[in-house]
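S.K.:
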Amino acid sequence: MRAAVFHHSYEPLKIEDVPVPSVGAHDVRIAIRTCSICHTDMQFIDQGMAPNMKPPLILGHEIAGIIEETGSEVKKFKSGDRVIVPAMISCNHCLACKTWNETHCENIRRIGVDCNGGFAEYITVPDFHPYHLPHEYSFEAGSLISNVLVGAYHLVYDRINIRAGEKVVIFGAGGFGLGILQMAKLRDAKVFMVDIFDWKLKEAKLLGADGILNSNKVNVCEEAVIDMLGEKPDIVIETIGAPRTLLQAMNTLKKGGRLVLAGITENALPFLIGRIIENEIALIGASGAPRRKIPEIIHLLEDGKITLEHLVTKRFDLDHINDAINTLRMGQTIRTMIYPFGLEKKKQQEKA
Ligand SMILES: [Zn+2]
Ligand SMILES: [Zn+2]
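Quick note on the working numbering: the sequence shown kicks off at 82 and runs consecutively.
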């Protein structure tokens, strides 16, 4: 099969022919229709971040597709089923998994980090892992649900439990930031977005942001944020992982507030530990996308409480994946979709 393979940081992905992954008795092989590009994929290429699986590695963890082959013991799926492939494979039997804390699974395998991912024509996963993608939703929707939306839900509901009326500032109006915005609005929070691109902030406004700020257009970002809110926020969520925005997030937060770190990075914190102690800051990490929350995301979509509009802004075939990654690098996209079987397939899917 064809795949975009990561060999080294600071080098483009290479399009190669690699073996189709084999199918064990309890596995399903999925023909990947869409896989969107996440900020994390770019961190491996641009920041020298090391994946757990030694390269060569196929990146990509926002996958939707069609079951193509099932193992001899598989009952839950048949070939032709449309599926969402959640970004993290938790084991289902450790204590964390049994107590519904699957993001703390001791045996977790992150797709495209600990094992091969979705920038390829096929992937094989255990049969307990995928979820049926309802017919009224596109594969692009499946890709967005698999990671960004379920991750945003996990952050807002499980990790920080945002309460009505709380003032929340989100740094980064990318796919994840806009997902968090929508979930936080469901909780009746006041949500303010900070980014460096006006066009992304406009999308944030359309999705219900109470205020937007372009931090490149003000002298001191922290002062401008506090001006916009009229006071310091209760919660600041940093989705970028850059030293500058991490520091701005810390400087903006009120005493006793929650600082949420959600942008994967290998950077160290750019402020002194004393500030966390003296200001009684709660430092909260949020990572991952518990797959058992996927049905809840589908309910929210069905009820019209959240939307997938405004999130997919670019589409590429596998051959042009490095151009696709560049759209993210240059801030030209919210989410860019890769079509491993080509964009022609997209047109056929729309007709069907
Ligand atoms: Zn991701
Ligand atoms: Zn587990």
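Don't be surprised by glycine CBs; every beta carbon is placed ideally from N, CA and C.
Computed from a prediction, not measured in an experiment: that's the story for all the values here.
#1: For Trp280 and Gly366, what's the separation of their Cα atoms in angstroms?
#2: Which runs of the alpha helix (DSSP H) fall wholly inside the stretch 322-397 and span at least 4 residues, in chain order?
#3: With respect to the alpha helix (DSSP H) encompassing Val231, which residues constitute its N-terminal and C-terminal limits?
#4: Quick one, which of Arg396, Asp122, His391 has its alpha-carbon nearest Gly289's?
#5: Take the Cβ of Val301 as the centre, count every other Cβ of all protein chains shown within 10 Å, and call the residue buried at 16 or more, exposed below.
#6: Ignoring anything shorter than 3 residues or poking outside the stretch 147-228, list the beta strand (DSSP E) runs there in chain order.
#7: According to DSSP, simplified to helix, strand and coil, what is Asp98?
#8: Taking a cut-off of 6 Å, which residues have a beta-carbon closer than that to any heavy atom of ligand 1, in chain order?
#9: Taking the alpha-carbon positions, what's the Ile362 to Asn228 distance?
#10: Less than 8 Å between C-beta atoms, sequence neighbours within five positions excluded: which residues of the same chain meet that for Ala245?
#11: Does Lys271 come out as helix, strand or coil in the three-state DSSP assignment?
#12: Would you please state the rounded distance, in angstroms, between the beta carbons of Ile113 and Ile204? I believe it to be under 8 Å.
#13: Can you tell me the Cβ-Cβ gap for Pro132 and Val194, rounded? I've got them flagged as a contact below 8 Å.
#14: In the structure shown, what three-state DSSP assignment does Cys119 receive?
#15: Per the contact definition of three or more C-beta pairs closer than 8 Å, is the stretch 207-223 in contact with the stretch 154-167?
#16: Short of 6 Å in beta carbon distance, which residues of its chain neighbour Gly199, apart from the five on each side in sequence? Order them along the chain.
#17: Give a yes or no on whether the C-beta atoms belonging to Ile358 and Leu364 are separated by under 8 Å.
#18: So, for Pro102: in the same chain, excluding its five sequence neighbours on each side, which residues have a beta-carbon less than 8 Å away from its beta-carbon?
#19: If you follow the alpha helix (DSSP H) that Arg410 is in, where does it begin and where does it stop?
#20: Check whether the Cβ of Asn175 lies closer than 7 Å to any heavy atom of ligand 2, and answer yes or no.
#21: On a Cα-Cα basis, can you pick out the residue from Pro136, Ala405, Met130 that is closest to His88?
#22: So is the beta-carbon of Asn188 under 7 Å away from any non-hydrogen atom of ligand 2?
#23: Do Phe278 and Gly292 come within 8 Å of each other at the CB atom, strictly closer than that value?
#24: Quick one: is Lys156 buried, meaning 16 or more other Cβ sit within 10 Å of its Cβ, or exposed?
#25: Would the C-beta of Cys178 count as close to ligand 2, meaning under 7 Å from any of its heavy atoms?
#26: Let me know if Arg325 comes out buried or exposed under the rule of 16 or more other beta-carbons within 10 Å of its beta-carbon.
#27: Report the option in Ile251, Met264, Gly129 whose CA atom is closest to the CA atom of Val231.
#28: Anyone know if the C-beta pair for Leu282 and Asn297 falls short of 8 Å?
#29: Can you tell me whether Pro314 is buried or exposed? The criterion is at least 16 other CB atoms within 10 Å of its CB, across all chains shown.
#30: By Cβ distance, which residues of its chain are closer than 6 Å to Lys335, with the 5 residues on each side in sequence left out?
#31: The alpha helix (DSSP H) that contains Ala305, what's its start and end?
M.R.: Once the coordinates are examined:
#1: The residue labelled residue 280 in the question sits at position 199 within the sequence shown. The residue labelled residue 366 in the question sits at position 285 within the sequence shown. Approximately 28 Å between the Cα atoms of the pair.
#2: 324-333, 354-359, 375-383
#3: Translated into positions along the sequence shown, residue 231 becomes position 150. 231-234 is the extent of the alpha helix (DSSP H) around Val231.
#4: Translated into the one-based positions of the sequence shown, residue 289 becomes position 208. Of the listed residues, the one whose Cα sits closest to Gly289 is His391.
#5: Translated into positions along the sequence shown, residue 301 becomes position 220. Counting Cβ neighbours within 10 Å, Val301 comes out exposed, since fewer than 16 surround it.
#6: 163-166, 203-207
#7: Counting from one through the sequence shown, the residue named residue 98 turns up at place 17. Here Asp98 sits in strand by DSSP.
#8: Cys119, Thr121, His142, Asn228
#9: Along the sequence shown, one-based indexing puts residue 362 at 281. Along the sequence shown, one-based indexing puts residue 228 at 147. Approximately 28 Å between the Cα atoms of the pair.
#10: Here residue 245 is taken as the residue at index 164 of the sequence shown, counted from 1. Cβ neighbours of Ala245 beyond the five flanking positions: Arg268, Asp269, Ala270.
#11: The residue given as residue 271 occupies position 190 in the sequence shown. Strand at Lys271.
#12: As a first step, residue 113 is located in the sequence shown; it is residue number 32 there, counting from the start. As a first step, residue 204 is located in the sequence shown; it is residue number 123 there, counting from the start. With 8 Å as the limit, Ile113 and Ile204 qualify as a contact, their Cβ atoms being about 6 Å apart.
#13: Position 51 of the sequence shown, counted from the first residue, corresponds to residue 132. Position 113 of the sequence shown, counted from the first residue, corresponds to residue 194. So it is a contact: roughly 5 Å between Cβ atoms.
#14: As a working note, residue 119 is residue 38 in the sequence shown. Of the three classes helix, strand and coil, the one that applies to Cys119 here is coil, per DSSP.
#15: yes
#16: In the sequence shown, the residue the question calls residue 199 occupies position 118. So the list reads Ile113, Cys116, Gly141, Ile144, once near-sequence residues are dropped.
#17: Against the sequence shown, residue 358 aligns to sequence position 277. Against the sequence shown, residue 364 aligns to sequence position 283. Taking 8 Å as the Cβ cut-off, Ile358 and Leu364 do not qualify as a contacting pair.
#18: Taking the first residue of the sequence shown as position 1, residue 102 is located at position 21. Hits under 8 Å: Arg110, Asn197, Tyr203, Ile204, Thr205.
#19: Taking the first residue of the sequence shown as 1, we reach residue 410 at position 329. From DSSP, the alpha helix (DSSP H) with Arg410 extends over 402-410.
#20: Residue 175 sits at position 94 when you count from the first residue of the sequence shown. Position check: residue 175 holds Cys in this sequence, whereas Asn was assumed. Correct: Cys175 has its Cβ closer than 7 Å to ligand 2.
#21: Working through the sequence shown from its first residue, we reach residue 88 at position 7. Closest option to His88, Cα to Cα, is Pro136.
#22: Walking along the sequence shown from the start, residue 188 turns up at place 107. Asn188 Cβ: within cutoff of ligand 2.
#23: Numbered from its first residue, the sequence shown carries residue 292 at position 211. Numbered from its first residue, the sequence shown carries residue 278 at position 197. The answer is no: Cβ separation not under 8 Å.
#24: Residue numbering aside, residue 156 sits at position 75 when the sequence shown is read from its first letter. With fewer than 16 Cβ atoms within 10 Å of its Cβ, Lys156 is classed as exposed.
#25: The residue given as residue 178 occupies position 97 in the sequence shown. Answer for Cys178: yes, Cβ within range of ligand 2.
#26: What you label residue 325 is simply residue 244 of the sequence shown in a count that begins at 1. Burial call: exposed.
#27: Taking the sequence shown and counting its residues from 1, one reaches residue 231 at position 150. Nearest option by C-alpha distance: Met264.
#28: As a first step, residue 282 is located in the sequence shown; it is residue number 201 there, counting from the start. As a first step, residue 297 is located in the sequence shown; it is residue number 216 there, counting from the start. No, the pair does not count as a contact, with Cβ atoms beyond the cut-off.
#29: Translated into positions along the sequence shown, residue 314 becomes position 233. Pro314 should be labelled buried.
#30: Residue numbering aside, residue 335 sits at position 254 when the sequence shown is read from its first letter. Only Lys313 meet the Cβ criterion.
#31: Taking the sequence shown and counting its residues from 1, the one referred to as residue 305 is at position 224. Element bounds for Ala305: 302-310.
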